[in-house]
Amino acid sequence: MKSKITLLLALLFTVLSFSQFENKSYNLLKDKLSTYILYDRVFNLSNATEILEKEITTSDFNQIYSEMQRADFLNRLPDYEFIKKQAKLGFVNNNIPLSILITDFETIKQSALNNQNIILNTENQYVVKQNTDNFDVHSINLVAPLLDKSKCNKVNFVLNENLVFNTTNKTIQSIEANFNNGQGFKKLTYNQEISVTFLKVGSQTINFKIKFTNGEVVNQTAKFNTENNSLSKNRSNSFAPNVVNTIFSTIPFLGYGETAIGGTGYIGLAEYEIFLDTTTGVLDKPIFLLDGFDPGDARGIPAIYSLMNYGTGTQNLADDIRAQGFDVIIVNFPNYTRPGTSTVIDGGTDYIQRNALILVELIKQINLIKVGTEKNVVVGPSMGGLISRYALRY
1303 MKSKITLLLA
1313 LLFTVLSFSQ
1323 FENKSYNLLK
1333 DKLSTYILYD
1343 RVFNLSNATE
1353 ILEKEITTSD
1363 FNQIYSEMQR
1373 ADFLNRLPDY
1383 EFIKKQAKLG
1393 FVNNNIPLSI
1403 LITDFETIKQ
1413 SALNNQNIIL
1423 NTENQYVVKQ
1433 NTDNFDVHSI
1443 NLVAPLLDKS
1453 KCNKVNFVLN
1463 ENLVFNTTNK
1473 TIQSIEANFN
1483 NGQGFKKLTY
1493 NQEISVTFLK
1503 VGSQTINFKI
1513 KFTNGEVVNQ
1523 TAKFNTENNS
1533 LSKNRSNSFA
1543 PNVVNTIFST
1553 IPFLGYGETA
1563 IGGTGYIGLA
1573 EYEIFLDTTT
1583 GVLDKPIFLL
1593 DGFDPGDARG
1603 IPAIYSLMNY
1613 GTGTQNLADD
1623 IRAQGFDVII
1633 VNFPNYTRPG
1643 TSTVIDGGTD
1653 YIQRNALILV
1663 ELIKQINLIK
1673 VGTEKNVVVG
1683 PSMGGLISRY
1693 ALRY
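First residue of the sequence shown? That's 1303 in the numbering used here, and the numbers climb one at a time after it.
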């Protein structure tokens, strides 16, 4: 069996670092803008100037919103944490929140820099030397679900008025949606749920139409995913989230100095608990977190989870990752009595190979029940790192 360790955590920290980045060198350009949003101020991950040709995903919308919010000199948009909170409320309320972002923004023309119409002063601040045509103006009109999938093909969508963001002078007259289920375009009413039954499972295309009072009409497409409900039920019967489960390896290992009838060795035992993401509640992006060297099983699963606390202790990395749509599976190697014997095994100090073979079996089982083809992520400190390496090379 071959698996790959995805460097997801490193990437996550990189993205979070960039999301906090704001270049103050552009502050003196504020009064030269017509939109008061300068895209050059933030690190560009979404390529928002080219987004019009794309089908918008939840991730696209979140990234663009975050960038526009931080690029706005007037701070007209709520912090991105507000969007995350509304997505979580939708999950709790069993509906899919929709959000709208209508904004104009500007970028510095390359010619303005080449011709030195905009220059850096001695204090490393950009200033306008000549008041010519120095900026390109861009417009985006986006609609997207704040959750990217549903467990079944019957979905309740809702467009709450507090999730409609408009920094322009245009006024929305109406918003319509075609869920491509044979019902055509339906008018969306603020704060009212609309029940939609999709005709198939899998990837869905939703067409939106925004009409403004000035006669302008904007069409935009978003992506959404649905899962077969019967498959979800079958999967949920195969494992128990938020419950400590026991798993045995299926491949025995005979350690150095051990003897066994037939010489085949002994199987191992571990405990694991699945903490599903807090966005969809679907097991589709598993991150395995293994315990390290732990004589006497001093750290149980709750203690391992709490080791992810940071800052003042009120923040937790596992919680943050789950809010990003990833599922955390904590694996502990407890004390146990070897089946068929009276021998007590200290799992936290047992052979690396035997514990690794338990992980091999767990990954196999999770791969059978998880949704999609997302690569697994395996993280393990100290001895947990050695266990993961052995298992992934097995």
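We treat Cβ as the ideally placed atom computed from N, Cα and C, and that holds for glycine. Note that the structure is a prediction, hence the values are computed from the model and not measured.
Helix, strand or coil at residue i according to DSSP, with G and I counted as helix
i: F1635; result: coil
i: N1539; result: Here N1539 scores only 41 on pLDDT, less than 50, and its place in the model is too uncertain to base an answer on.
i: Q1418; result: coil
i: Q1475; result: strand
i: F1407; result: strand
i: L1694; result: helix
i: D1622; result: helix
i: F1323; result: Here F1323 scores only 42 on pLDDT, less than 50, and its place in the model is too uncertain to base an answer on.
i: F1446; result: In the sequence under discussion, the amino acid at residue 1446 is Ala, which differs from the Phe named in the question. Note: A1446 maps to strand in three-state DSSP.
i: N1468; result: strand
i: Y1252; result: Because residue 1252 is not part of the residues shown, which for the chain are 1303 to 1696, the question remains open.
i: D1596; result: coil
i: N1669; result: helix
i: D1438; result: strand
i: N1329; result: helix
i: D1362; result: helix
i: K1677; result: coil
i: Y1492; result: coil
i: K1451; result: strand
i: V1344; result: coil
i: E1560; result: coil
i: T1580; result: coil
Assigned exposure category for residue i - 16 Cβ within 10 Å defines buried
i: P1604; result: exposed
i: K1535; result: Note that K1535 scores a pLDDT of 42, beneath 50, so its modelled location is shaky; the value from the coordinates is reported in the next line. The residue in question, K1535, is exposed, as its Cβ has fewer than 16 Cβ neighbours within 10 Å.
i: A1658; result: buried
i: T1562; result: In the sequence as displayed, the identity of residue 1562 is Ala instead of Thr. The residue is exposed, with fewer than 16 neighbouring Cβ atoms inside 10 Å.
i: A1414; result: buried
i: Y1612; result: exposed
i: F1595; result: exposed
i: D1435; result: exposed
i: V1439; result: exposed
i: R1640; result: exposed
i: S1401; result: buried
i: R1284; result: With the chain covering only 1303 through 1696, there is no way to say anything about residue 1284.
i: A1446; result: buried
i: K1677; result: exposed
i: V1680; result: buried
i: N1349; result: exposed
i: N1516; result: exposed
i: G1486; result: exposed
i: G1567; result: buried
i: N1377; result: exposed
i: S1644; result: exposed
i: L1391; result: exposed
i: N1396; result: exposed
For residue j and residue i, believed in contact at Cβ under 8 Å, the rounded distance
i: T1528; j: I1508; result: Actually they are not in contact, since the Cβ atoms of T1528 and I1508 sit about 11 Å apart, beyond 8 Å.
i: I1398; j: V1457; result: 6 Å
i: N1329; j: Q1432; result: Actually they are not in contact, since the Cβ atoms of N1329 and Q1432 sit about 19 Å apart, beyond 8 Å.
i: V1646; j: N1637; result: 6 Å
i: F1628; j: D1579; result: 6 Å
i: M1610; j: A1600; result: Not confirmed; about 17 Å, so no contact.
i: Y1341; j: A1389; result: Y1341 to A1389, Cβ: 24 Å. No contact.
i: P1588; j: I1668; result: 6 Å
i: I1671; j: L1585; result: 6 Å
i: T1337; j: D1406; result: 4 Å
Opposing strand residues paired with residue i [DSSP bridges]
i: G1602; result: DSSP, once it has assigned bridges, lists no residue as partnering G1602.
i: Y1568; result: F1555
i: D1374; result: I1339
i: D1629; result: P1588
i: I1508; result: A1524
i: Y1612; result: Q1617
i: T1700; result: Since the first and last residues shown for the chain are 1303 and 1696, residue 1700 lies out of range.
i: P1399; result: V1460
i: N1480; result: F1487 and N1509
i: E1575; result: I1632
i: F1514; result: I1474
i: I1549; result: A1572
i: D1275; result: Limits of the chain in this structure are 1303 at one end and 1696 at the other, which puts residue 1275 out of reach.
i: Y1607; result: DSSP lists no partner for Y1607.
i: Y1428; result: L1422
i: V1519; result: K1513
C-beta neighbour in chain C for residue i, strict 8 Å
i: L1661; result: Among the protein chains of the structure shown there is no chain C, as only one such chain exists.
Three CB pairs or more closer than 8 Å across the region 1477 to 1497 and the region 1459 to 1469 = yes
Do the region 1554 to 1562 and the region 1645 to 1663 meet, that is, are 3 or more Cβ pairs less than 8 Å apart?
-> yes
May I ask you to verify whether the region 1499 to 1515 touches the region 1442 to 1457, counting CB pairs closer than 8 Å and requiring at least 3?
-> yes
Counting Cβ pairs, one atom from each stretch, are 3 or more of them under 8 Å apart for the region 1660 to 1671 and the region 1686 to 1693?
-> yes
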